[in-house]
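> So for the sequence shown, numbering that gives the first Met the number 0 puts the first residue at 0; every next one is plus one. We put the beta carbon where it would ideally sit given N, CA and C, even for glycine. As the structure is a prediction and not an experimental result, all values here were calculated from the model.
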Amino acid sequence: MGEEKDGVPNGEMAPQEESSKVLLNEGADGAKAEVQAADIKVDIATEDEFRGLTKSELMKYAKDPFWVRLRIILMFLFWAAWVAMLVLAIWIIVKAPACEPPPTITWMQESAMVEVNPSAMDPQDSVNLVKALGLSSFYIPALISGHDFYKLNPAYVAEQVTSLLQVHDEQVTSLLQALTGAGVHGVTDFVPSPVLPYNSWVVNTSYAHLFNLPALTLNYDEEDLSPELQKVLIFWKNEYNITGFTVPADETEKQPELHNLTTSLNHDLADQDIVVGEGMVDVSDAVSNLNLPGSFQQFLKLNSDSWPYYKFMPVVADHRTASPAQMPAVTMALMLSPGTPILQIPGNNTEKFVTSLGGVVAACSELRSKDAFKFGATEFVNSTANVVAFTRTMKGVTKLPVCVQDDEGRH
Numbered sequence: 000m001g002e003e004k005d006g007v008p009n010g011e012m013a014p015q016e017e018s019s020k021v022l023l024n025e026g027a028d029g030a031k032a033e034v035q036a037a038d039i040k041v042d043i044a045t046e047d048e049f050r051g052l053t054k055s056e057l058m059k060y061a062k063d064p065f066w067v068r069l070r071i072i073l074m075f076l077f078w079a080a081w082v083a084m085l086v087l088a089i090w091i092i093v094k095a096p097a098c099e100p101p102p103t104i105t106w107m108q109e110s111a112m113v114e115v116n117p118s119a120m121d122p123q124d125s126v127n128l129v130k131a132l133g134l135s136s137f138y139i140p141a142l143i144s145g146h147d148f149y150k151l152n153p154a155y156v157a158e159q160v161t162s163l164l165q166v167h168d169e170q171v172t173s174l175l176q177a178l179t180g181a182g183v184h185g186v187t188d189f190v191p192s193p194v195l196p197y198n199s200w201v202v203n204t205s206y207a208h209l210f211n212l213p214a215l216t217l218n219y220d221e222e223d224l225s226p227e228l229q230k231v232l233i234f235w236k237n238e239y240n241i242t243g244f245t246v247p248a249d250e251t252e253k254q255p256e257l258h259n260l261t262t263s264l265n266h267d268l269a270d271q272d273i274v275v276g277e278g279m280v281d282v283s284d285a286v287s288n289l290n291l292p293g294s295f296q297q298f299l300k301l302n303s304d305s306w307p308y309y310k311f312m313p314v315v316a317d318h319r320t321a322s323p324a325q326m327p328a329v330t331m332a333l334m335l336s337p338g339t340p341i342l343q344i345p346g347n348n349t350e351k352f353v354t355s356l357g358g359v360v361a362a363c364s365e366l367r368s369k370d371a372f373k374f375g376a377t378e379f380v381n382s383t384a385n386v387v388a389f390t391r392t393m394k395g396v397t398k399l400p401v402c403v404q405d406d407e408g409r410h
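#1: Can you give the beta carbon distance from I241 to V186, rounded, assuming they're within the 8 Å contact cut?
#2: In terms of DSSP beta bridges, what is Q123 paired with?
#3: With DSSP collapsed to three states, give me the class of T392.
#4: Does DSSP put L342 in a helix, in a strand, or in coil?
#5: Between the beta-carbon of F189 and the beta-carbon of T245, is there less than 8 Å?
#6: When burial is assigned at 16 or more other CB atoms within 10 Å of the CB, is M331 buried or exposed?
#7: Can you name the start and end residues of the beta strand (DSSP E) that C441 belongs to?
#8: Counting only runs that start and end within the stretch 69 to 148, where is the beta strand (DSSP E) found for 3 or more residues in a row?
#9: Looking at M112: is its Cβ nearer than 8 Å to the Cβ of S136?
#10: When we look at the beta-carbon of E277 and count the other beta-carbons within 10 Å, is it buried (16 or more) or exposed?
#11: So, helix, strand or coil for E378, using DSSP?
#12: Say whether the stretch 189 to 207 touches the stretch 139 to 149, bearing in mind that this needs 3 or more beta-carbon pairs closer than 8 Å, one atom from each stretch.
#13: Rounded to whole angstroms, how far is the Cβ of T397 from the Cβ of E378, which I believe are closer than 8 Å?
#14: Closer than 7 Å: is that where the CB of L335 sits relative to any heavy atom of the ligand SAM?
#15: Please list, in chain order, all residues of the same chain as F234 whose beta carbon is under 7 Å from its beta carbon, the five residues on each side excluded.
#16: Along the beta strand (DSSP E) that carries K310, what are the first and last residues, could you check?
#17: In chain order, what residues of the same chain have a beta carbon less than 7 Å from the beta carbon of L195, not counting five sequence neighbours either side?
#18: Which residues in the same chain have their Cβ closer than 6 Å to the Cβ of L264, if we skip the five residues on either side of it in sequence?
#19: Between which two residues does the beta strand (DSSP E) holding D188 run?
#20: Does the distance from the CB of P102 to the CB of F374 come in under 8 Å?
#21: Taking buried to mean at least 16 other C-beta atoms within 10 Å of its own C-beta, is P255 buried or exposed?
Structural data, given as structure tokens:
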């Protein structure tokens, strides 16, 4: 037999050696690695793995007095904080400064007016004129009689006035339908003062305290005057469809108490849509003196911070020095500056006015509906002897520039 090698006879395969085992991290608690045939297997003991609390353990803590008190305290703190934030939010809303109310103007300020002469103009022609110019108000001066505040001024022919206002006709005529359908407002002057000695209030001793004697001017400080005037103005609305009344600017300047009265009347009659407008001024002199350099723009600047009612005659024949070339610029400047123009057009010049300036008035009337022209401030820029330039500006809306120049270079 052959020789033995390593204790195994020749020709026989030596038995496979056992897998070698190497201990890693010897001395570590339970951690070992076993290497078998080039494969590595790591066994990690799990004795220290967190398995959470059992139900019985949770109930043990839930009933523990410490945790019970802690939960109650935390719940109380949560709701206390929630209520505190709610109260704080309400306090901030209440104490925060209120937003400024949006600006408003009255219907008397929105649209320019055309003066109507009941004795010289046909009623339907008056309506057609108002509509052609894109206006929503007409003005008849001094309708209220100085003899009796509840009667028409005897200077007018009563039949012609009532025909225009459509108050006593049994049949609703085309004029009333046109005025009502177009929403046209009627405007006249405020009750006259002083009055004549035979005024109905003067001869009635119960009204004596409403006057300053012996001047027979209304006592605007008298508390009883406002309620009586309210009755008068409501009468004119109901009987004659007149809802606007103008007060001359010089009257309020001389008598500050008149301003307080008109403010009170506007407040008390707001639900009646009745308006008393202050600041009626006649600009005939300013328009007639266009030959004086800078006079007209100076007039506009002086009145730019208020809202006057401008009475002026846009027909050149009614002025001493103005020329036809200047009147479109004057009309446009008055229409687009702060204020309400009252166009005084004689009955025999109506067609001429509509032909020459009707387009200017209608275009400006449309522009006056924009917020910048209704509420915006006026800033004059680069004005010269023959150019009037200004912008109407209001926060949040487009700035609108206005530049007018007369062809003769005289304003």
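Here's the rundown:
#1: 7 Å
#2: DSSP, once it has assigned bridges, lists no residue as partnering Q123.
#3: strand
#4: strand
#5: yes
#6: buried
#7: Any question about residue 441 goes unanswered here, given that the chain covers just 0 to 410.
#8: 112 to 114 and 136 to 138
#9: yes
#10: buried
#11: strand
#12: yes
#13: Incorrect: roughly 14 Å between the Cβ atoms, too far for contact.
#14: Although the ligand SAM was asked about, the structure shown includes no ligands whatsoever.
#15: Y149
#16: Y308 to F311
#17: G145 and H146
#18: V275
#19: H184 to D188
#20: yes
#21: exposed
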